[in-house]
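Peer 1:
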Amino acid sequence: MEDLQNMNSSRRSFLKSTGHLLIGFNLLPLTFCQTKGAPSEIPPYTGVPLRPTIDNKLIDSWIRLDAEGHLTVLSGKQELGQGIKIALIQIAAEELDIHPDRCHIINSDTGQTPNEGFTAGSNSVEGSGSAIRQAAAEAKYHLLKMAAQKWNVSPESLRVEDGVVVTNSGEKVSYWELLEGKFIEERISGDIKPKKPEDYRYVGKPLHRDDIRKLVTGESHFVHDLKMPGMVHARVLHPPSYDATLESIDLNQVEALPGVLKVIRNGSFLAVVAEREYQAVKAREMLKELAVWDKSPITTLPDQLVDNVLNTSGNPDEVEVSPGIAELISKSAIRHQADYFRPYHMHASMGPSCAVALWEPNLLTVWSATQGVYPVRDSIADLLTLDKEKVRCVGVPGSGCYGHNGADDVSGEVAIIAKEFPGKHVRLQWMREDENKWEPYGTTMAFRLSGGLDSDGKLLGWDSIVWSDSHSTRPNGSGGSFIAARTLDPPVEFRKGGWSGGSHRNGIPEYSFEAKQLHLFNYDGPLRTSSLRGLGAYANTFAMEAFMDELAHKAGKDPIDFRIKNLEDPRARAVLEELAQKTNWKNRSKSANNGFGVAYARYKNATSYFAVLAEVEIDKAAKSYKLKKLTGVIDSGLTINPDGLKNQTEGGMIQSASWTMLEEVQFDEDGITSVDWNTYPILRMKYVPEVEVHIIDRPETKPMGAGEAAMGPVAAAIANAVFNATGSRVRNLPIKPEKIDWESVN
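Take 136 as the starting number for the sequence shown in the numbering used here and just add one per residue.
1) Could you tell me which residues DSSP pairs with glutamine 472 in its beta bridges?
2) Buried or exposed: glycine 840, going by 16 or more other Cβ atoms within 10 Å of its Cβ?
3) Residues in its own chain within less than 6 Å of tyrosine 673 by CB, not counting five upstream and five downstream?
4) Are isoleucine 384 and alanine 426 close, meaning C-beta to C-beta below 8 Å?
5) By DSSP's criteria, valine 308 is part of a beta bridge. Which residues make up the other side?
6) Whole angstroms is fine: what's the gap from tryptophan 877's alpha carbon to alanine 854's?
7) I need the DSSP call for valine 351, collapsed to helix, strand or coil.
8) Quick one: residues in its chain with C-beta nearer than 7 Å to the C-beta of glycine 888, no 5 flanking neighbours on either side, listed in chain order?
9) Taking glycine 402 as the reference, give the member of Leu667, Leu372, Lys739 with the closest Cα.
10) Assuming alanine 849 contacts threonine 795 (C-beta within less than 8 Å), just tell me the rounded distance between them.
11) Quick check: proline 532 and alanine 490, are their CB atoms within less than 8 Å of each other?
12) State the beta-bridge partners of threonine 207 as determined by DSSP.
13) For methionine 485, count neighbouring C-beta atoms within 10 Å of its own C-beta (all shown protein chains included) and say buried if the count is 16 or more, exposed if not.
14) In the DSSP assignment, what are the bridge partners of aspartate 452?
15) Between which two residues does the alpha helix (DSSP H) holding tyrosine 673 run?
16) I'd like to confirm the pairing. Which residues does DSSP put opposite glutamate 825 in its beta bridges?
17) Name the residue from Ala687, Gly660, Ala461, Ala542 whose alpha carbon lies nearest to the alpha carbon of serine 616.
18) Take the Cβ of histidine 343 as the centre, count every other Cβ of all protein chains shown within 10 Å, and call the residue buried at 16 or more, exposed below.
19) Sorted by chain position, which residues of the same chain lie with C-beta nearer than 7 Å to proline 329's C-beta, five sequence neighbours on each side aside?
20) Considering only residues of the same chain and omitting the five flanking positions on each side of aspartate 297, which have a CB-CB separation below 8 Å?
21) Which residues share a DSSP beta bridge with isoleucine 600?
22) Please classify histidine 277: does DSSP put it in a helix, a strand, or coil?
23) Closer than 8 Å by C-beta to proline 869: which residues in its own chain qualify, once you throw out the five before and the five after it? Chain order, please.
24) Using the DSSP secondary-structure output, state which residues sit across from isoleucine 399 in a beta bridge.
25) Nearest to glycine 535 by CA position, among Glu214, Ile875, His205, Val857, is which residue?
26) For the structure I just gave you, are there three or more beta carbon pairs, one from the region 581 to 592 and one from the region 462 to 469, closer than 8 Å?
27) In angstroms with no decimal places, state the Cα-to-Cα distance between isoleucine 789 and alanine 856.
28) Would you please state the rounded distance, in angstroms, between the beta carbons of alanine 369 and valine 561? I believe it to be under 8 Å.
29) Name the DSSP beta bridge partners of histidine 368, please?
30) Could you compute how far the alpha carbon of arginine 866 sits from the alpha carbon of alanine 473?
31) Using 8 Å as the cut-off, can you tell me whether the region 347 to 365 makes contact with the region 557 to 572, which would need three or more C-beta pairs spanning the two stretches below that distance?
32) Return the first residue and the last residue of the beta strand (DSSP E) that arginine 383 is part of.
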């Protein structure tokens, strides 16, 4: 495997791999398919890609048996650290009976992989996995037919051992010998049945992830590690705040600095390019000192935010309506209403966003950590008025990506800069300040929940009002979606959208209420927002499961029993029952200094089931608390790789704990003040709780997305544990010690 730093950007190296397995494919799930791959495995090329087709319905777009005895899976989805590479290799290897060690994977490259939109929504294994499974099963079917014709035997009499077809008499031929570098021109019928779970050899096993080794040893892995021949380095000076415009600047001093190759100004867009990275950093510092800006103040400040959200004008979207619900709740034996609030959250990626670009006469190539290479390619083409086929976007993992962070914007900016340096690889990396101030945040949200129960604790009515800003302003074909586009002269228009869907994700309870209602107000707030892990599901579940805990408390019911009693789905009940058993819930050790909280959700009400117990310990004298342990139970259907599922769930639990206990974007009238790790603290290693995850494997069912399942339940479980320990209910995130009413602690 080639080191990422030694990637050869020649077109010729790509064209050497010409052996394909091509089968026409007309199965709908492939539209949503996902795969994984490391750019270090397949060198990038700079010419126009030569492929038989870019049609997603053809197997050549997904699976290739090359002339060297390997299987390569291709996908338009990005590896974000969620482990889809090994999972999808396991699926393809399983169906084709090829050892995973002979398999490679390429992901997110508009020159080689299918157009699959964004890597989002926890649907990588669920969508891609089922499609790749079917594609591989049908590929094997046709290969066995070829072998059967060779020996004049029935396909059913043949077996496959690591890509080698074997007869009962011991004759052998490999897949690759059968193909001889040719295509198999066959349409996939969708009628071939994949393997039965009881026959699996690789699926369900904790196979090794090579990217973890690279992360631990510090090998080249991220887009930040890319080194190209003759590469130059760039930095951008962003405006000090939203809507600020550049009044004046003297560029002569900056252009005279050692190593500076060029200073680019277009409207309020400022960039500097230098021979070495440190020279670019120093030049940016001087640009910052010299630039004179006309600033526009932020008018809605943090202490006004809750009221501003709740006073959103206009009529709400009626997501679900239940006439007469107000009367139903008002006549219930037990009634309750409460408001909840979530602040703005950052992605807080460990590595500031980075991208590399090469401008050539007939092709612009951008190496990016974006979650959507095709949408970003189309947006760059629109921004620069290029034919989109003249832009190639290659996905390379970024150092922390949980949605729409700065990766897309830095890709647009490096394309603008590369145009000024034809024939040169240009590397642009944001500073920490850039990342924190200019990335799109997870939006603030507010909730007003009302509910009614009968005297036995049976749920009757649920009425919810949700206020939320947009959860998706990603680049999707329009150049105006890049922040740089809005600073150019003339600026490119940006039309904000992305309300509704993500805002009420998990907003309607699965619980067996007789009537449910949800109204959504679309809030247009002071800060830039877009997709962050889970979208609205995190805050909706926090509010819902904290409210369910309050209802259980009012009814005098055990929190787990209360939930189980009001759930009809046996799999939902099963994760709660397993949680109770694994944590010894009925006999838990409760003291004056600790507290326990539970929560449950099925992500999107359609994918993975997750239940969690949080344990906190309080210090009344110090007026502080500590998260001691999180125990989770997850049901994601068929488990492809148990280690990968645990990794994803554990990571989600820890990140959610950080959001819930600490994180909040701070700003004033001059702009964002959370500019570094001191002003935007995240959970440090010494405060990470003990984390335990249990898997309910269901091989008879389809695999389901799990990457975002833990986010909301963990938040509610922590809130419920704090209440259990202190008697103080904190409804406004983050749950900081100063928000707890310590006088209420017995």
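For each residue, glycine too, the CB sits at the ideal point set by N, CA and C.
Please read these numbers as outputs of a predicted model, since none were measured by experiment.
Peer 2: On the basis of the data shown:
1) BP columns for glutamine 472 point to Ser585.
2) Classification of glycine 840: buried, given that the 10 Å Cβ count is 16 or more.
3) Closer than 6 Å at the Cβ level, and outside the excluded window around tyrosine 673, lie Met846, Gly847.
4) Closer than 8 Å, so yes.
5) Beta-bridge partners assigned by DSSP to valine 308: Val300.
6) Looking at the two C-alpha atoms, the distance is approximately 15 Å.
7) Of the three classes helix, strand and coil, the one that applies to valine 351 here is helix, per DSSP.
8) Because the chain is modelled from 136 through 881, residue 888 falls outside the range shown and cannot be assessed.
9) Ranked by Cα distance from glycine 402, the first of Leu667, Leu372, Lys739 is Leu372.
10) For the sequence presented, residue 849 should be read as valine rather than alanine. Their Cβ separation, rounded to whole angstroms, is 7 Å, which keeps valine 849 and threonine 795 in contact under 8 Å.
11) No. Outside cutoff.
12) Answer is Arg199, His239, bridged to threonine 207.
13) Exposed, since its Cβ has fewer than 16 Cβ neighbours within 10 Å.
14) Per the DSSP secondary-structure output, aspartate 452 pairs in a beta bridge with Leu655.
15) 672 to 690 is the extent of the alpha helix (DSSP H) around tyrosine 673.
16) Per DSSP, Lys764.
17) Comparing Cα positions, the closest option is Ala542.
18) By the neighbour-count criterion, in which a residue is buried when 16 or more other Cβ atoms sit within 10 angstroms of its Cβ, histidine 343 is exposed.
19) Taking C-beta separations shorter than 7 Å and ignoring five residues to either side along the sequence, the partners of proline 329 in its chain run Glu230, Arg268, Gln269, Ala272, following chain order.
20) Shown here for aspartate 297: same chain residues with a beta carbon closer than 8 Å to its own, the five before and five after excluded, namely Asp232, Ile233, His234, Arg237 in chain order.
21) Answer by DSSP bridge pairing, in chain order: Arg583, His654.
22) In this structure, histidine 277 counts as helix in the three-state DSSP scheme.
23) If we look at proline 869 and ignore the five residues flanking it on each side, its Cβ neighbours are Pro478, Trp794, Thr795, Met796, Leu797, Glu798, Glu799.
24) In the DSSP output, where bridge partners are listed per residue, isoleucine 399 has Ala406.
25) If we check each option's Cα against that of glycine 535, Glu214 comes out closest.
26) Because the criterion of three Cβ pairs below 8 Å is met, the region 581 to 592 and the region 462 to 469 touch.
27) A straight-line Cα-Cα distance of about 16 Å links isoleucine 789 and alanine 856.
28) About 6 Å separates the beta carbon of alanine 369 from that of valine 561, a gap short enough to meet the 8 Å contact definition.
29) Under the DSSP definition of a beta bridge, histidine 368 partners with Ala409, Arg562.
30) Rounded to the nearest angstrom, the two C-alpha atoms are 8 Å apart.
31) Remark: three or more beta-carbon pairs, one from each stretch, lie closer than 8 Å, so the region 347 to 365 and the region 557 to 572 are flagged as touching.
32) Checking the displayed sequence, the identity of residue 383 turns out to be serine instead of arginine. 380 to 383 is the span of the beta strand (DSSP E), which, as asked, contains serine 383.
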